[in-house]
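Taking the numbering used here, the leading residue of the sequence shown gets 1, the next gets one more, and so forth. A short write-up of the structure that comes next.
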Amino acid sequence: MSSPHTRPIKRLLVANRGEIAVRILHAARELPEPVETIALYTSDDRSHCDLGRPQNAIQIPSASSYLDISLLVELAQKHSIDAVHPGYGFLSESADFAHRMWHEAGSLVIGPGWENLARTGDKLQAKHLAQQCGVPVLEAMSQPTTSVAEARAFATQVGFPVMIKAVDGGGGRGIRLVREEHELDNSIQRAIGESPSRTVFVEKAAVDGFHHVEIQIIGDGTGRVRHLWERDCSAQRRFQKVVECAPALVRDRALVGRVIESALRMASEICYRSLGTFEFLVSEQRGEFYFLEVNPRLQVEHTITEAISGIDLVQTQLLLAQGYTLHQLGLGAEVNASHPPPNAFSIQLRLCAEDPSNGFALSIGKVTGFIVPSGHGIRVDTHVNVSGPALVVGSNFDNLLAKIIVTAPTWEASVRKAQRVLADSRIDGVKTNINLLRGIVGHPDFMAGRVDTQWLGLNLDAVLQQGENISETLRELGGPAGPSQQAVSQTGLPASNLLFRKGDAWSITLEPLSKDSQQSDKVAHHLRLSRVLRNEFPSSLTAEIEYTTPTSQGAIPYRMQLETTTTAASALVSSSHRRGNPKNPHHIILPLSGKLIEILVADGEDVAENQVLAFIKQMKMELEVRSPRSGRVKWVYEMEDEEEDVAEGMLLVELEPNNGNVEVRDGLFLRPKSEFELCVFTFGRPRQAVKKKRSLLHVTSPPQLPHPLLFCLLWLEPENVADVDVFANHFFDALPASGAGSSAPDLIFLSLQEIAPIAYSFLGGSFLLPYFDAFRRAVQKAAAQKWDHHYVNFLTDNTGMTGLMLFARDDTLGKIAWRDTAHVGLGVQEMGNKGAVGARLGYVVEGHPSKTVDLTFVAAHLAPMEDSYEQRNLDWKSIVERLVFSHNSNGSKRLAEMSSVDETTSLLDDAASAHAEGSRRDLFAPNAYLFLAGDLNYRTSNIGPSIREIEHFPRRNVDIDNPSHYSHLLKNDQLVREMGYGRTFHSLSEAPIDFPPTYKYSDAAREAVRRGLDTGDREWEWSNHRWPSWCDRVLFLDKPSWVGEAGKVKPIAYDALPLFAQSDHRPVALVASVPLWPSGASSNTENVRAVAPFSIDPNWKSKRDTARRKEIVVGALAYLGLIREGNGLLLASLLGIFGAWFILRSMLEV
């Protein structure tokens, strides 16, 4: 089903919070037709409900629930919600969210629809759209990557400076400017960390003299689009906007007109619906501009466009979603793009809870005072409720407190108005950036319009100083000096700090709730908050607690009351959480508040000066904490949760002096005990692991053991017995001629699709023996010809028409300790016309006979047809949920000793599963690897090619810049796109593709192969009714990035074999080296793991048993009706029945 275009709205869910939720609720309540509004809130954040006044409000469990698609879909179903407004941030650019809401809950997500979200929300796809429309773009990588080496190669090619960008970043997240090569590696890792899909690309940077200009576009889905002029967002710091204005500070309106026309051309090309912002870099001096990206949603700065145009953009979104056209909305008239808006200039000032003088550290605490003046030309969008409970600023949400918008007839008048409003504003309780805002609007460059994207970063100190001078002058005049920047506690410490700090002291009263409670004179042990009654911390705190002492029989309930005093006493802290002493040179103190998400050092490790010690997250940005000096770690902060709220001033690391001589070892992360090499064949890309708490193990001098090699080959041969001689001659073509990977592989994994006619495949058993035997003989012959080695086929299995074969070199067979198999049907009625078969085995680590490495191999064949990529994503989900393996009760048994096993473990197991002996057996343990190969069927287009497009099919021997070079088609690969969005093959990786499409070859090409003609050009002859595509892929589960390069699968070769006459696919092969991580190497290693994306289907076994029974019935019918031998059997049976009936009738007549 395509995206829904319009529908009446009766019940609207606002899936956001803060000031934008208030804005949407107000707009919805003013619609011509009444709409019932529903808001979401968490227990500690509901001011938007108090101000927005929805008819209904639903409490959700936590801040992360705003990103929980399944939860939101469930709420929409439960409350009969027919439309959802996502606002900005959160899920506003998620095509998956829009798609699932419509298909699972029947709810329309306000926006452009999931197709346009998918095409414009991805920065690389948006660039391709710009190129199609003839819009200038900066040179960039053609596809996303997680490889530092690939990024470095591109950066070296185009020259520095470059930009590192997350393909799905936003709000300044996932963007890094790299001016020199030594900054590259770290910038890529940080950008990846801020990307939801964990993928980035590199782009040539345009940084000097460029304005950041964005065009507000509105469309009704018919191809008719309209612009609402432009905005200038050049006043930004680290790609986060601080002050925006409209129209742009570019005097050359003809240049601005060209930019607007480019945006209109792109929006019209895709029949854009709803609001969209098309962003550009514009240089007035050079008279040039470049497309940046599309934001297919409502923008934070939409307010200034509303101010200069007089149009309510949020209401316009809601009306367009209900079927209104631009003409009905009064927006049908053409507007000259070169003409500025009539007599209006508007400025938006983002007021945030942060401390610009301390590296823009988040300011956590309660907003106890909030004064922003009103008046003509002044608008304030905020969720601070001055008449209700104090707003608490934490690290879970964005720190934006308010947007102050001023509008005036001239630029100069609007700047003066902004200066006056900021001078009369005051915020108490938290630090804010109001001094920075005062400095910006008070600077001569801003008044003169001389602000480009680099201006604030280059002039930050001067701007801050000017803002502080303005605030000081205001204080001397007796006006509001500003956010109580100086709001402090009695001890001179920031009132916003949620944790105890040096010098704080309280008198504590414990009053037993039960008069007969027995308590010790000294209570000094466990305290647990059971109920918070009043929280004015650090001034006071009243709560009910449970207190346990060594002599108590259980927890004793108390009411606890804390009040501030001036008593000089040391606060009690645990040994794992301490305050830092700024005067102690060996203390490394947290410089800012936020969520501590990662610590990279442990006790006893040596650190070097400027080494990264930890990462703190503030508002989805990951910030480094570096060591100011070298030394050996004496003490380190102990994390108790995956992410912990921490306050500025807490002690992170205590060092022992080491005379400045530190040997930086490469063992900060786990290193493998050894490696083996693997080859995978497949006949017929990725969101990285979810980050967990990282427990790091320092391994010194690991033994260097052999590197086993794995060879994976994928083959799709429609229902034919393989030609042994031809196949053997080309079987190992993908192996390098010399060097790494050229030796005989230790293991061979053969993934087979459509191995036999459906009758034989479904009946199985002896019907398949000739087909498997042909491959067995081909492997033996190929190995004998190349190395004079012998391979043992130790496992063969199938699910319907999908087969799997595993071979071990005869001298490595003894290393196979155990094996399991699993099956799932993905075809009609969950039968095996499409499906997956898996094998899991234990590979003994040399030198560690009791230790094994888990290897899992999956052969898969997913749903066909160009437009079925969503079904292919669901096929992957079914594989995770229903491809269930067995647990071997004794992992040390050799293959020959294997007997029966119990089926209890899934392909992607949950964190709790383990073998009886305690070693982890799920795929995401550090010692587990997965290789998945098959005809995954992802294409390069959602529709078939037109006659004109056939002319641009990939051709042989063309330059990479030629449109007919296959690399340009690879940009449209559905698998890369879907993995990039995190919709499929979660956590899996793929080696870089450097071979032409593997599907679909023409009959003429296959006939040429059959006749032994020259196939050089024939291998570039494609079928005209299918886009050439990389359907056949080999994926693998790699190690999380923080483990380091040592723990990763090392692809040696990834290539396609020659075309064979039997198939319209080319086989694909992967040669890889796999690190050996023994089970139980360390108890800490189990924390370094990814998370299963789906839960095990509890009915997996019954579903497979039912499908298997159907396969037998269908196989028998197909055998009797479609196979010659079956036809004869059927005919003989019918004749026999007829003859018997005739004889019986004759006997009865007698």
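For glycine and all other residues, C-beta sits at the position ideal for the given N, C-alpha and C.
Residues that residue i bridges to, as DSSP identifies them
i, result
"F289", "V282"
"C245", "D232 and I347"
"G1128", "Paired residues: none, contrary to the question."
"H965", "Bridge partners of H965: none, in fact."
"I589", "L651"
"F711", "I748 and V1071"
"F857", "A839 and F931"
"S595", "According to the sequence provided, residue 595 is Lys. The question's Ser does not apply to it. Answer is K617 and D645."
"V1114", "The partner list for V1114 (beta bridge, DSSP) is empty, contrary to what the question assumes."
"K417", "DSSP output for K417 lists no bridge partner at all."
"Q753", "T802"
CB contact flag (residue i, residue j, <8 Å)
i, j, result
"G835", "T802", "yes"
"I816", "L841", "yes"
"E203", "L117", "no"
"G631", "L655", "yes"
"T6", "G323", "yes"
"S47", "L391", "yes"
"L930", "F762", "no"
"L275", "L313", "yes"
"F807", "A722", "no"
"H211", "D445", "no"
"L422", "V393", "no"
"G457", "R297", "no"
Residues of its chain near residue i, where Cβ-Cβ distance is below 8 Å and the 5 sequence neighbours each way are ignored
i, result
"A307", "A246, A344, S346, R379, I405 and T407"
"L255", "V282, E284, G287 and F289"
"S147", "P992"
"R253", "S338, H339 and P340"
"A1151", "With the chain covering 1 to 1150 only, the question about residue 1151 has no answer from this structure."
"R265", "C133, G134 and V135"
"S142", "L124, S967, H968, L970 and K971"
"V415", "I347, V441, F446 and M447"
Exposure of residue i, with buried meaning 16 or more beta-carbon neighbours within 10 Å
i, result
"W715", "buried"
"F600", "Phe is not the amino acid found at residue 600; the sequence shown has Leu there. Buried, since its Cβ has 16 or more Cβ neighbours within 10 Å."
"I545", "buried"
"I960", "exposed"
"Q785", "exposed"
"E870", "buried"
"R1104", "buried"
"S234", "buried"
"T382", "buried"
"K673", "Any reading at K673 must be qualified, since the residue scores a pLDDT of 37, below 50, and its modelled position is unreliable; no value is offered."
"K78", "exposed"
"W1027", "buried"
"K417", "buried"
"G588", "It should be noted that the sequence gives Ile, not Gly, for residue 588. Classification of I588: buried, given that the 10 Å Cβ count is 16 or more."
"V573", "Reliability of the predicted coordinates at V573 is poor, the pLDDT of 39 falling under 50, and no value is obtained from them."
Nonlocal neighbours in the same chain, by C-beta distance under 7 Å from residue i, ignoring five residues either side
i, result
"T410", "F345"
"V1151", "Outside the shown range of the chain (1 to 1150) lies residue 1151, about which nothing can therefore be said."
"H227", "I215, Q216, I217, I260, A263, L264, V335 and A337"
Spatial neighbours of residue i in its chain, beta-carbon cut-off 6 Å, leaving aside the 5 residues before and after
i, result
"G174", "A166, A191, E194 and S195"
"D424", "P373"
"D355", "A361, S363 and K431"
"H730", "L1057 and P1058"
"F727", "A778"
Any chain B beta carbon closer than 8 Å to residue i
i, result
"Q189", "Any reference to chain B falls outside this structure, which holds one protein chain only."
- Task: Return the chain-ordered ranges of every alpha helix (DSSP H) run that is complete within the region 109-185 and spans a minimum of 4 residues.
- Result: 114-121, 123-132 and 148-158
- Message: Extract the residue ranges of the alpha helix (DSSP H) inside the region 761-849, only unbroken runs of 4 or more that lie entirely within it.
- Response: 769-786
- Message: To test your reading of the DSSP string, which unbroken alpha helix (DSSP H) runs of 4 or more residues are found completely within the region 422-462?
- Response: 434-441, 444-448 and 455-458
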